[in-house]
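K.L.:
I am attaching a structure below and will ask some questions about it afterwards.
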Amino acid sequence: MRPARALINLPALRHNYQLARQLCADKALAVVKADAYGHGAVACAQALHDLADGYAVACLEEALQLRAAGITLPILLLEGFFAADELEQIVEHNLWCVVHADWQLDAIERQSLARPLTVWLKMDSGMHRVGFFPGEYRAVWQRLQACENVAAVVLMTHFARADELQSSATREQYQLFSAATAGMQNLISVGNSPALLAWPEIRSDWSRPGIILYGSQPVAMANPGVGEFQPVMTLQSKIIAVRELPAGEAVGYGAQFIAQQPVRVGIVAIGYADGYPRHAPTGTPVAVDGQLSQLLGRVSMDMLAVDLTGLVEAGVGSTVELWGSTVSIDQVAACAGTISYELLCNVKRVRYEYLPV
Ligand SMILES: *Cc1c(COP(=O)(O)O)cnc(C)c1O
Numbered sequence: 294m295r296p297a298r299a300l301i302n303l304p305a306l307r308h309n310y311q312l313a314r315q316l317c318a319d320k321a322l323a324v325v326k327a328d329a330y331g332h333g334a335v336a337c338a339q340a341l342h343d344l345a346d347g348y349a350v351a352c353l354e355e356a357l358q359l360r361a362a363g364i365t366l367p368i369l370l371l372e373g374f375f376a377a378d379e380l381e382q383i384v385e386h387n388l389w390c391v392v393h394a395d396w397q398l399d400a401i402e403r404q405s406l407a408r409p410l411t412v413w414l415k416m417d418s419g420m421h422r423v424g425f426f427p428g429e430y431r432a433v434w435q436r437l438q439a440c441e442n443v444a445a446v447v448l449m450t451h452f453a454r455a456d457e458l459q460s461s462a463t464r465e466q467y468q469l470f471s472a473a474t475a476g477m478q479n480l481i482s483v484g485n486s487p488a489l490l491a492w493p494e495i496r497s498d499w500s501r502p503g504i505i506l507y508g509s510q511p512v513a514m515a516n517p518g519v520g521e522f523q524p525v526m527t528l529q530s531k532i533i534a535v536r537e538l539p540a541g542e543a544v545g546y547g548a549q550f551i552a553q554q555p556v557r558v559g560i561v562a563i564g565y566a567d568g569y570p571r572h573a574p575t576g577t578p579v580a581v582d583g584q585l586s587q588l589l590g591r592v593s594m595d596m597l598a599v600d601l602t603g604l605v606e607a608g609v610g611s612t613v614e615l616w617g618s619t620v621s622i623d624q625v626a627a628c629a630g631t632i633s634y635e636l637l638c639n640v641k642r643v644r645y646e647y648l649p650v
């Protein structure tokens with residue numbers, strides 16, 4: 294069997310959720326959209342069932358998958374519904390629903406629903422993707438408060454630059470949000486992972502941590518004393534061939550790596566079809582049987598090459614970690630010019646194995 298595997302450490306996920314909760318000091322929706330950032334939404338939601346205050350997903354389809362697996366905690370749809378005919382199922386399955394656009398508001402007012410909805414009213418305080426502008430927010434809020442189909446309204450916004458410590462943008466977004474919601478008694482929700490890590494003074498009733506649950510840190514923690522997030526996914530495979538090459542020989546497509554001196558090369562059974570980034574260059578860290586080494590040459594679809602020079606014990610059958618507890622996914626992402634989120638979401642074809650709680 295092909296040895297490429299994603300090992301998912303569910304105890305680490307629980308540890309990270311508890312740490313995230315400590316950072317936000319209030320309730321936290323575990324964001325498990327996009328199949329829990331590539332970790333398996335059902336397994337991750339089940340692993341948190343006795344800890345989490347609720348979950349957040351991108352759409353009805355993702356929520357129904359969790360409900361079908363027996364998840365009964367609250368689930369928030371982060372973009373609400375994409376067509377009005379989803380409302381019936383949203384009510385039936387007791388889902389919380391973001392409202393970000395006029396047409397959604399109209400639909401909620403017009404339809405007759407079996408039960409009133411909990412609505413999370415989104416403000417566009419600067420991200421400029423979706424939501425109501427601060428100047429129109431109060432009028433929309435009033436319509437929802439007056440609507441028979443609405444049981445409760447939570448006030449929410451989303452930060453665009455919370456990972457930029459030198460920028461005042463996050464504070465400005467929060468001030469805009471606070472000013473536009475002044476006097477409203479509803480619960481509020483701000484705070485993705487970078488906000489929880491870097492802006493601990495910004496509090497809300499419901500935070501929405503995603504990436505930190507999976508053990509990646511997009512920005513340094515303002516209070517490092519709190520503890521450490523643990524990587525949840527280890528992506529690994531094995532060496533299936535070894536080459537001893539003299540100086541001057543090249544490795545892989547396009548001869549992107551040319552040996553300057555004799556080199557011992559290990560060929561690993563994993564590639565970009567498994568989600569390992571093709572843009573990772575020579576020098577990107579890997580670990581061979583726990584020892585740090587580096588990628589050599591271009592990543593292929595099913596294989597890649599690593600440096601075994603000096604790793605005398607390593608050979609065919611050695612385990613290679615592409616990311617996990619030895620090789621930080623944030624480092625791999627930086628080398629490949631992307632972010633950990635994209636790497637995690639892209640993992641596919643590999644065998645998933647879960648370390649149970
Ligand atoms: C995805 C998402 C989050 C989680 O973001 P992280 O950076 O992974 O913590 C929070 N809120 C909203 C609205 C999102 O879409």
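With the numbering used here as the guide, the letters of the sequence shown map in order to residues 294 to 650. For each residue, glycine too, the CB sits at the ideal point set by N, CA and C. Computed from a prediction, not measured in an experiment: that's the story for all the values here.
Quick check: does the Cβ of residue 393 come within less than 7 Å of any heavy atom belonging to ligand 1?
P.N.:
Numbered from its first residue, the sequence shown carries residue 393 at position 100. Answer for residue 393: no, Cβ out of range of ligand 1.
K.L.:
When you compare the CB positions of residue 488 and residue 515, do they come within less than 8 Å of one another, or not?
P.N.:
Locating residue 488 in the sequence shown gives position 195, counting from the first residue. Locating residue 515 in the sequence shown gives position 222, counting from the first residue. Going by C-beta atoms, residue 488 is not nearer than 8 Å to residue 515.
K.L.:
So who's on the other strand from residue 441, going by DSSP bridges?
P.N.:
Residue numbering aside, residue 441 sits at position 148 when the sequence shown is read from its first letter. Note: residue 441 sits in no beta bridge, so no partner.
K.L.:
When we look at the beta-carbon of residue 393 and count the other beta-carbons within 10 Å, is it buried (16 or more) or exposed?
P.N.:
In the sequence shown, counting from the first residue as 1, residue 393 sits at position 100. Result: buried.
K.L.:
By Cβ distance below 8 Å, which residues in the same chain neighbour residue 639 in space, the five residues on each side in sequence not counted?
P.N.:
Counted from its first residue, the sequence shown places residue 639 at position 346. Excluding residues within five positions, the ones whose Cβ falls inside 8 Å are 331, 568 and 570.
K.L.:
If you measure between the beta carbons of residue 323 and residue 506, is that distance less than 8 Å?
P.N.:
In the sequence shown, residue 323 corresponds to position 30, counting from 1. In the sequence shown, residue 506 corresponds to position 213, counting from 1. Yes, they are a contact pair.
K.L.:
Classify residue 541: buried if its beta carbon has 16 or more other beta carbons within 10 angstroms, exposed otherwise.
P.N.:
By one-based count along the sequence shown, residue 541 stands at place 248. Exposed, because fewer than 16 other Cβ atoms sit within 10 Å of the Cβ of residue 541.
K.L.:
Going by the C-beta, is residue 314 closer than 7 Å to any heavy atom of ligand 1?
P.N.:
In the sequence shown, residue 314 corresponds to position 21, counting from 1. Result no, Cβ not under 7 Å from ligand 1.
K.L.:
Helix, strand or coil: how does DSSP classify residue 492 here?
P.N.:
Counting from one through the sequence shown, the residue named residue 492 turns up at place 199. Residue state, collapsed to three classes: coil.
K.L.:
What's the C-alpha gap between residue 603 and residue 642?
P.N.:
Along the sequence shown, read from residue 1 onward, the residue named residue 603 stands at position 310. Along the sequence shown, read from residue 1 onward, the residue named residue 642 stands at position 349. So the two alpha carbons sit approximately 31 Å from each other.
K.L.:
Taking just the CA atoms, how far does residue 595 sit from residue 335?
P.N.:
In the sequence shown, counting from the first residue as 1, residue 335 sits at position 42. In the sequence shown, counting from the first residue as 1, residue 595 sits at position 302. If I take the Cα positions, the gap works out to 28 Å.
K.L.:
For residue 314, which residues from the same chain have a beta carbon less than 7 Å from its beta carbon, with the 5 sequence-adjacent residues on both sides left out?
P.N.:
For this step, residue 314 is matched to residue 21 along the sequence shown. For residue 314, where only same-chain residues beyond five positions count, the Cβ hits under 7 Å are 321.
K.L.:
In whole angstroms, what separates the C-alpha of residue 651 from that of residue 348?
P.N.:
The displayed coordinates of the chain run from 294 to 650. Any statement about residue 651 would go beyond what the structure contains.
K.L.:
Between the Cα of residue 481 and the Cα atoms of 499, 493 and 412, which residue gives the shortest distance?
P.N.:
Numbered from its first residue, the sequence shown carries residue 481 at position 188. Nearest of 499, 493 and 412 to residue 481, Cα basis: 499.
K.L.:
Can you tell me whether residue 417 is helix, strand or coil according to DSSP?
P.N.:
For the purposes of this step, residue 417 is identified with residue 124 of the sequence shown, where counting begins at 1. Coil at residue 417, not helix or strand.
K.L.:
Runs of 3 residues minimum, wholly inside the region 421-490: which ones carry the beta strand (DSSP E) assignment?
P.N.:
Within the region 421-490, the complete beta strand (DSSP E) runs of at least 3 residues are 443-450.
K.L.:
Looking at residue 458 and residue 519, is the spacing between their C-beta atoms short of 8 Å?
P.N.:
In the sequence shown, residue 519 corresponds to position 226, counting from 1. In the sequence shown, residue 458 corresponds to position 165, counting from 1. No, the Cβ-Cβ distance between residue 519 and residue 458 is not below 8 Å.
K.L.:
Helix, strand or coil for residue 399, going by three-state DSSP, please let me know.
P.N.:
For the purposes of this step, residue 399 is taken as the residue at position 106 of the sequence shown. Helix.
K.L.:
Name the DSSP beta bridge partners of residue 647, please?
P.N.:
Along the sequence shown, read from residue 1 onward, the residue named residue 647 stands at position 354. BP columns for residue 647 point to 301.
K.L.:
Give, in chain order, every unbroken run of the beta strand (DSSP E) that is at least 3 residues long and sits entirely within the region 510-538.
P.N.:
DSSP runs (the beta strand (DSSP E)) wholly in the region 510-538: 526-538.
K.L.:
As a quick exercise: from 405, 523, 429 and 600, pick the residue whose alpha carbon is nearest that of residue 543.
P.N.:
Taking the first residue of the sequence shown as 1, we reach residue 543 at position 250. Comparing Cα positions, the closest option is 600.
K.L.:
Does any heavy atom of ligand 1 sit closer than 7 Å to the C-beta of residue 651?
P.N.:
What is shown of the chain runs 294 to 650, which leaves residue 651 out entirely.
K.L.:
Using a Cβ-Cβ cut-off of 7 Å (strictly less than) and excluding sequence neighbours within five positions of residue 408, which residues of its own chain qualify?
P.N.:
Translated into the one-based positions of the sequence shown, residue 408 becomes position 115. Counting only Cβ-Cβ distances below 7 Å, and skipping sequence neighbours, we find 384.
K.L.:
Across which residues does DSSP place residue 320 in a beta bridge pair?
P.N.:
Translated into the one-based positions of the sequence shown, residue 320 becomes position 27. Beta-bridge pairing links residue 320 to 499.
K.L.:
Which class does residue 508 belong to by DSSP, given the choice of helix, strand or coil?
P.N.:
To locate residue 508, count along the sequence shown from 1; it is residue 215. Residue 508 falls in the coil class under three-state DSSP.
K.L.:
Counting Cβ pairs, one atom from each stretch, are 3 or more of them under 8 Å apart for the region 351-360 and the region 522-533?
P.N.:
Taking 8 Å as the limit for Cβ pairs, the verdict is that the region 522-533 does not touch the region 351-360.
K.L.:
Check this for me: beta carbons of residue 597 and residue 556, under 8 Å apart or not?
P.N.:
The residue labelled residue 597 in the question sits at position 304 within the sequence shown. The residue labelled residue 556 in the question sits at position 263 within the sequence shown. Contact flag unset, no.
K.L.:
What is the rounded straight-line gap between the Cα of residue 444 and the Cα of residue 414?
P.N.:
In the sequence shown, counting from the first residue as 1, residue 444 sits at position 151. In the sequence shown, counting from the first residue as 1, residue 414 sits at position 121. Taking the straight line from one Cα to the other gives about 13 Å.
K.L.:
May I ask you to verify whether the region 446-455 touches the region 374-388, counting CB pairs closer than 8 Å and requiring at least 3?
P.N.:
No contact exists between the region 446-455 and the region 374-388.
K.L.:
Is the closest heavy atom of ligand 1 to the C-beta of residue 487 under 7 Å?
P.N.:
Here the question's residue 487 lines up with position 194 in the sequence shown. Residue 487 Cβ: within cutoff of ligand 1.
K.L.:
Let's test the definition: count the other Cβ atoms within 10 Å of the Cβ of residue 637 and tell me whether it reaches 16, buried, or not, exposed.
P.N.:
If you number the sequence shown from 1, residue 637 lands on position 344. When all chains shown are included, residue 637 counts as buried.
K.L.:
For a quick check, are the C-beta atoms of residue 236 and residue 559 less than 8 Å apart?
P.N.:
This structure cannot speak to residue 236, because the chain is shown only from 294 to 650.
K.L.:
Among 486, 624 and 615, which has the Cα closest to the Cα of residue 298?
P.N.:
Here the question's residue 298 lines up with position 5 in the sequence shown. The residue with the shortest Cα to Cα distance from residue 298 is 615.
K.L.:
Quick one, are the C-beta atoms of residue 390 and residue 406 less than 8 Å apart?
P.N.:
Taking the first residue of the sequence shown as position 1, residue 390 is located at position 97. Taking the first residue of the sequence shown as position 1, residue 406 is located at position 113. For residue 390 and residue 406, no; Cβs fall outside 8 Å.
K.L.:
Counting contacts by CB-CB distance shorter than 8 Å, is residue 537 in contact with chain C?
P.N.:
The chain inventory of the structure shown lacks chain C, comprising one protein chain alone.
K.L.:
What do you reckon, are the CB atoms on residue 573 and residue 629 nearer than 8 Å?
P.N.:
Here the question's residue 573 lines up with position 280 in the sequence shown. Here the question's residue 629 lines up with position 336 in the sequence shown. The answer is yes: Cβ separation under 8 Å.
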